[in-house]
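These notes concern the structure reproduced below.
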Amino acid sequence: MATRGVSRLVKTLALTGSRPIGTSSGITSLISEHTAKWMQDTSKKSPMELINEVPPIKIEGRIVACEGDSDPALGHPIEFICLDKKDPAICKYCGLRYVQHGHY
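Under full-length UniProt numbering, the residues of the sequence shown are numbered 1 to 104, in order.
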């Protein structure tokens, strides 16, 4: 049953002229095509530009627990971030920046 579905998919990709997804060049091609389409619309800001517009969040303590959102269903896995350095610490999941209140 599953092999029949896969063979249909391969035939469909062959008919549309798409490269096979199983190859690394095919995946790279799909990613670059997707990115190129997304970057054509210059009226919209990229997610990285939007998150960089958020000012660093001031924290009183030395460690912050970032969840990405107040609703756990919309956030990301909890990350504990140490704020000992003067530069803002960045959450690796959502890109929010945090600084210790005294260092800002």
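Beta carbons: idealized from backbone N, C-alpha and C, even for Gly.
Separation of His-76 from Ile-51, as counted between CA atoms: 15 Å
Just curious, the alpha helix (DSSP H) that Ile-78 is in, first and last residue? Counting along the chain, Ile-78 falls outside any alpha helix (DSSP H), and DSSP gives it neither H nor E.
At the level of alpha carbons, what is the spacing between Tyr-104 and Lys-44? With a pLDDT of only 46 at Tyr-104, under 50, the local geometry of the prediction cannot be trusted, and no value is derived from it.
With respect to the beta strand (DSSP E) encompassing Arg-97, which residues constitute its N-terminal and C-terminal limits? 97 to 100
Could you spell out the range, first to last residue, of the alpha helix (DSSP H) harbouring Pro-47? 47 to 52
Boundaries of the beta strand (DSSP E) in which Ala-65 is found, first to last residue: 63 to 66
Assigned secondary structure, Lys-85 (DSSP; H/G/I helix, E/B strand, else coil): coil
Got a sec, what are the start and stop residues for the beta strand (DSSP E) Lys-58 sits in? 57 to 59
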